[in-house]
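Peer 1: Here it is, the structure, as structure tokens.
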Amino acid sequence: IKLGKYGICEECGQMIDTERLIAFPEATLCAKDAAKREE
Numbered sequence: 001i002k003l004g005k006y007g008i009c010e011e012c013g014q015m016i017d018t019e020r021l022i023a024f025p026e027a028t029l030c031a032k033d034a035a036k037r038e039e
């Protein structure tokens with residue numbers, strides 16, 4: 001949060017969906033990139 005990057009995907013730079021952040025506040029990847037990383 002202090003770095004101003006909270007809610008921004010580390011992989012693609014897009015905003016992480018609000019629903020994802022509510023369910024998983026420590027998320028650093030959007031759902032699409034998180035799924036790619038799990039493959």
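Terminal number for the sequence shown in the UniProt record's numbering: 39, no gaps in between.
Yeah, the Cβ is synthetic: ideal placement off N, Cα and C, and Gly gets one too.
#1: Counting along the chain, where does the alpha helix (DSSP H) carrying arginine 36 start and finish?
#2: Where does isoleucine 22 sit, in a helix, a strand or coil, going by DSSP?
#3: Between glutamate 39 and the ligand NAP, is the CB less than 8 angstroms from at least one heavy atom?
#4: Taking DSSP as the reference, what is the three-state secondary structure of isoleucine 8?
Peer 2: According to the data block:
#1: The amino acid at residue 36 is misidentified as arginine; the sequence shows lysine. Taken as a continuous stretch (DSSP letters only), the alpha helix (DSSP H) holding lysine 36 covers 31-38.
#2: helix
#3: In the structure on display, the ligand NAP does not appear, and there are no ligands present to speak of.
#4: strand
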